[in-house]
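Asks:
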Amino acid sequence: MGEFWDSLDVMNWPIYFQWVATVMVYLQFDVSFIFVKPSCYVNISVTPYEEFVIGISFPLLLISTTKILFMGMTCWLRACKDPEEVERREKKSKQYKEKIMMLVLSMLFVTYTYTCNVIFALYGQTCEKFYLDEDQLQFVSLMRSDYSIECKTKLHAKYTTAAYIATIYVVLFPGYLFIQLWRYSTKDCDHSSSVQDGTCRRKKYPPWLYFLCENYKPAFWYWEIVELGRKVLQTIVVILYGYDSSLSILVSVTIAVIFLSLNAAYAPMKDHFEHRLQQASLWAIFLNMLVAAVPIPADQDSAALITGGLLCVINLGVLLIIIGTCTSLICCQKSPVVNSGVTIYFAAQGSNIN
Numbered sequence: 001m002g003e004f005w006d007s008l009d010v011m012n013w014p015i016y017f018q019w020v021a022t023v024m025v026y027l028q029f030d031v032s033f034i035f036v037k038p039s040c041y042v043n044i045s046v047t048p049y050e051e052f053v054i055g056i057s058f059p060l061l062l063i064s065t066t067k068i069l070f071m072g073m074t075c076w077l078r079a080c081k082d083p084e085e086v087e088r089r090e091k092k093s094k095q096y097k098e099k100i101m102m103l104v105l106s107m108l109f110v111t112y113t114y115t116c117n118v119i120f121a122l123y124g125q126t127c128e129k130f131y132l133d134e135d136q137l138q139f140v141s142l143m144r145s146d147y148s149i150e151c152k153t154k155l156h157a158k159y160t161t162a163a164y165i166a167t168i169y170v171v172l173f174p175g176y177l178f179i180q181l182w183r184y185s186t187k188d189c190d191h192s193s194s195v196q197d198g199t200c201r202r203k204k205y206p207p208w209l210y211f212l213c214e215n216y217k218p219a220f221w222y223w224e225i226v227e228l229g230r231k232v233l234q235t236i237v238v239i240l241y242g243y244d245s246s247l248s249i250l251v252s253v254t255i256a257v258i259f260l261s262l263n264a265a266y267a268p269m270k271d272h273f274e275h276r277l278q279q280a281s282l283w284a285i286f287l288n289m290l291v292a293a294v295p296i297p298a299d300q301d302s303a304a305l306i307t308g309g310l311l312c313v314i315n316l317g318v319l320l321i322i323i324g325t326c327t328s329l330i331c332c333q334k335s336p337v338v339n340s341g342v343t344i345y346f347a348a349q350g351s352n353i354n
């Protein structure tokens, strides 16, 4: 939901939504907002060009560093001639690689939505024409997110081309995750253990990949990739066509309805409470988009106040459920969410979870 508040922050939301929006932006790990944007304290302004460079440089640097580390480990293994030492180094190298893969994959997964946003923001469709004469012969084309940037310049054309090329990452990252999940999902479990058993699934998936499918039923090992696609699809429509576009509202509401129906029909999550929580979140998104699609005249202050209050109650209800759930689960430590955190921790320590 953080992506929506971030993308729709120019809408005239009720004043009590602002602190919720701020928290959600922090939760979605918007790098430029957290570390760069507070220009009221430091005289720093970040343009969409700079955000694009930051967003693209981070995964490229992370992947390149990982590749160099793995090549160094390979050279370290080949430099040894003693068979016993080679075996010891191979075991240690495997542990190091699992730790590195866990860290890298987690960071790429967390920052994926932000990276997609800065890429989409430089697409050609994000520019608006402003006509300078009544005959609409003279016009200036400006970026919707930053009116100080003119689109008909060579610099902007270069960044737009770079954004289209960077779209490869938008497709490759979830594609890589899907292929890896599919590859390990085809492995057979021990017939003595149930497929539903978490121990069996941990043997099928490596620790650095297991956290993506732990909360879902075995038949829905790919659902986290579907969720990534939903987030990207919903935000790209708003970024490209604007928050007030009829097309963006129609597509956003349609996507919300489709995923709400799919989640209700198939119930991909293992834990029933987490399934209901996901349903509540999807309902909140759907109602937010539905209310945003209905224009309220400026003179009807009471209607706007009632609508804003209703939305506030719905969203705060979802947040309170999440907070209460996390608190109770941390105390009892029986949920897949907690188990996922335990999996990540022990994988980082190089231990096996039985």
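Residue numbers in the sequence shown follow this note's numbering, run continuously in steps of one, and reach 354 at the last position.
All residues carry an ideal CB built from backbone N, CA and C; glycine is no exception.
Computed from a predicted model, the values in this text were never measured in an experiment.
#1: Less than 6 Å between C-beta atoms, sequence neighbours within five positions excluded: which residues of the same chain meet that for Tyr147?
#2: For my contact list, Tyr114 and Leu228 are in at a C-beta cut-off of 8 Å; report their separation, rounded to the angstrom.
#3: Applying the criterion that 16 or more other CB atoms from any shown protein chain within 10 Å of the CB defines a buried residue, is Ser248 buried or exposed?
#4: Quick check on the burial criterion: 16 or more other C-beta atoms within 10 angstroms. Buried or exposed for Arg183?
#5: Pro83: buried (16+ other C-beta within 10 angstroms of its C-beta) or exposed?
#6: Would you check if the distance between the CB atom of Trp283 and the CB atom of Leu262 is smaller than 8 Å?
#7: Kindly indicate which three-state DSSP category Ser145 falls into: helix, strand or coil?
#8: Does the count of Cβ pairs from the region 205 to 213 and the region 228 to 244 closer than 8 Å reach three?
#9: Roughly how many angstroms separate the alpha carbons of Val356 and Val171, rounded to a whole number?
#10: So the alpha helix (DSSP H) Phe120 belongs to, where does it begin and stop?
#11: Return helix, strand or coil for Val140, following the three-state DSSP convention.
#12: Whose C-alpha, out of Met101, Ser185, Tyr169 and Arg230, is nearest the C-alpha of Glu214?
#13: Decide yes or no for the touch test of the region 62 to 81 against the region 122 to 134: beta carbon pairs closer than 8 Å, at least 3 of them.
#14: Got a sec, what are the start and stop residues for the beta strand (DSSP E) Lys217 sits in?
#15: From this set, Val86, Thr66 and Glu274, which residue's C-alpha is nearest Lys97's C-alpha?
Replies: In brief:
#1: The beta carbon of Tyr147 sits closer than 6 Å to none of the beta carbons in its chain outside the five residues before and after it.
#2: Incorrect: roughly 13 Å between the Cβ atoms, too far for contact.
#3: Buried, since its Cβ has 16 or more Cβ neighbours within 10 Å.
#4: Looking at its Cβ environment, which holds fewer than 16 other Cβ atoms inside 10 Å, Arg183 is exposed.
#5: Exposed is the call here.
#6: Taking 8 Å as the Cβ cut-off, Trp283 and Leu262 do not qualify as a contacting pair.
#7: In the structure shown, Ser145 sits in coil (DSSP, three-state: anything other than H, G, I, E or B).
#8: Touching, no, given that fewer than three Cβ pairs across the two stretches are closer than 8 Å.
#9: Any question about residue 356 goes unanswered here, given that the chain covers just 1 to 354.
#10: Where Phe120 is concerned, the enclosing alpha helix (DSSP H) stretches over Pro83 to Phe120.
#11: It is a strand residue.
#12: Cα-wise, what sits closest to Glu214 is Ser185.
#13: These segments do not touch.
#14: Taken as a continuous stretch (DSSP letters only), Lys217 belongs to no beta strand (DSSP E), as it is neither H nor E.
#15: That would be Thr66, whose Cα lies nearest to the Cα of Lys97.
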